[in-house]
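Worksheet: one structure, shown below.
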Amino acid sequence: MRQAIVLGVLACLSLLSYVNAEDPYVYLNWVVEYGEISPLNVNQRGILINGQFPGPTVNVITNDNVIVNVENKLDEPLLITWNGIKQRKTSWQDGVLGTNCPIPPNTNWTYRMQMKDQIGTFTYFPSTLMHRAAGGFGGFNILARSVIPVPYPKPYEEFTVLVSDWWKKDHKELQQILDSGNPFPLPDGILINGKPSSTSFDVVPGQTYLFRVSNVGMTTSINFRIQGHNLQLVECEGSHTMQEEYESLDIHVGQSSSFLVTMHGPGTNDYYIVASTRFTKPILTSTAILHYQGSRNPASGPLPIAPTYHIQWSMKQARTIRWNLTANAARPNPQGSFHYGTIPVVRTIVLENSASQINGKQRYAVNKISYINPETPLKLADYFNIPGVFTLNSIQDNPPSGPTGLGTSVLGTTLHDFVEIIFQNSESTIQSWHLDGYDFWTVGFGSGQWNTTLRRRFYNFNDAPTRYTVQVYPYSWSAILVSLDNKGMWNLRSAIWPRRYLGQELYVRVWNDEQSLFTEYDIPDNALLCGRARR
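For reference, each letter of the sequence shown is one residue, going -21 to -1, 1 to 514 in mature numbering (1 follows the signal peptide of the UniProt record, and there is no 0).
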């Protein structure tokens, strides 16, 4: 009897320990609907989240469980994707058409995610159709746990800064332009937190602030700078960086960076915060105000000088961003404990973007395949063994010769492979690439054609930062290394949205035959079924 009582007490203590050890939950309810906005002084239809444009900023802590109930009150199916947030072992929550059925109008669906072992500056946005051109985007910041120190003093306050290109046309009109095969128009302006000017950031003289800056635009690289103040880079997309100071920094489509800025001014006048387009003619510029407490004078004088058009300046700057090997990340282990430069590469994949006419209309492709979404999401077809939806390795590891065609590109890979991916850009415009479910080491940037021997000599095998989005300059290449440690079906796409909408994407299936919750979670009980998975 006594033994039974002891065992019962131990069981209760074990259960109590488990409950107490569970990570906190954050519950969000988002109503996504149309509303009238006028960011460029023209009334137009925007996508609001809980009545806000841009959407609400999310601030959570590493390992928090985040539950987001999305009520779709649009007139079209909708998905929200989480830019840079690694869905560990569950591409079911990724929010793209290859993994999820879209949320039908006037219904809701709940995302369930854990911010596992991440810190940093991220974003969210609609991944369906051209909804992103109407809004629905916002900042998503993951803060470090109190037991994990960050390698810089705690800032007085943090600011989330969302920079986006913007069009006066309705998003459905922009979509029709693409569907009809016409060239996508240049943006009409640049916004900072939804406004072309007059956004104000209030500061106290002598204090240091953290600015989390994200390019949530669709087509345009931007340069960010603050009049009379230097930017001390401390983090990019989840990586603590060496704390170099910059007068300005290029931030490409889909990328995020965080800066410490010390308010050293006398506090008698305000200063301009500036974002301007890169590699465009004409250059578009947006301003916000750095408002000092007690200031009596508005911002004045010429705006801080932007860098020139030259590509090499931006490429050289990109190489100066390096990983802080002595700092902790979200996990307790030092970042430098993972010596990526010594890991053997098991596979090299060269992906080349291209533009071409198919059936008389403009399309974009990767290795000669312009992606089309099947009726059934790839992840559902894989799970239910539905034939005929996709074929593994339907895209080649190297750019082939011959014409471009339509297809559903899926790259088959093995769990825990260490892979080198080269993004080859043979076009005159800058490209930007994003991989869901992962971050990767951005080890090299170079001009011309990449090759296996010469180019690797210029790789950074020691302290390249990990990122989730990488730019590729015109007629140039960028190289990344990625450890495929996250099982699932993951979207690899152009972050330049018109190109992605017209086919510049593919999926990476990371797989092994082990059926275990240690490698991948089961299909969620609230999973939407569509296409052939519904029959």
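The beta-carbon is built from N, C-alpha and C at its ideal position, and this holds for glycine as well.
Burial state of phenylalanine 369 is buried, judged by a 10 Å Cβ sphere holding 16 or more other Cβ atoms. The C-alpha of threonine 60 is placed about 15 Å away from the C-alpha of glutamate 50. DSSP places phenylalanine 497 outside both helix and strand once states are collapsed to three, so it counts as coil. Rounded to whole angstroms, glutamate 499 and serine 70 show a C-alpha spacing of 9 Å. Your pair isoleucine 40 and leucine 170 does not check out as a contact, with CB atoms roughly 29 Å apart and the cut at 8 Å.
For the pair aspartate 73 and asparagine 42, the CB atoms are not nearer than the 8 Å cut-off.
Straight through space, the alpha carbons of proline 18 and isoleucine 322 are spaced by roughly 48 Å.
CA-to-CA, the gap between serine 274 and methionine 294 works out to about 38 Å. Between isoleucine 201 and alanine 254, the beta carbon gap of about 5 Å places them in contact (Cβ cut-off 8 Å).
At a Cβ-Cβ threshold of 8 Å, isoleucine 374 and leucine 471 do not count as neighbours.
Within the same chain, Pro18, Leu19, Gly168, Ile169, Ser265 come within 7 Å of proline 175 by CB-CB distance, once the 5 residues on both sides are set aside. If you ignore the 5 residues before and after tyrosine 250, its C-beta comes within less than 6 Å of the C-beta of Gln206, Gly207, Leu269, Ala278, all in its own chain and listed in chain order.
Distance between valine 192 and asparagine 491, taken at the CA atoms: about 37 Å. The way I'd put it, the segment 179 to 187 doesn't touch the segment 361 to 368; fewer than three beta-carbon pairs between them come closer than 8 Å. Proline 245 is classed as exposed because its beta carbon has fewer than 16 other beta carbons within 10 Å across all chains shown. Nearest to asparagine 377 by C-alpha distance, out of Leu157, Leu371, Ile401, is Ile401. Between glutamate 223 and threonine 139, the beta carbon gap of about 22 Å keeps them out of contact (Cβ cut-off 8 Å). Boundaries of the alpha helix (DSSP H) around lysine 358: 357 to 362. Inclusion of phenylalanine 163 and isoleucine 409 in the CB contact set at 8 Å is not warranted, their separation being larger than that value.
Listed in chain order, the non-local C-beta contacts of lysine 147 below 6 Å within the same chain comprise Leu19, Val21, Asp167, local neighbours out to five positions each way being set aside. Here the alpha carbon of glycine 320 sits roughly 28 Å from the alpha carbon of glutamate 493. Taking tyrosine 454 as the centre and dropping the five residues before and after it, the same chain places the C-beta of Asn404, Ser405, Glu406, Ser407, Ser426, Gly427 closer than 8 Å to its C-beta, in chain order.
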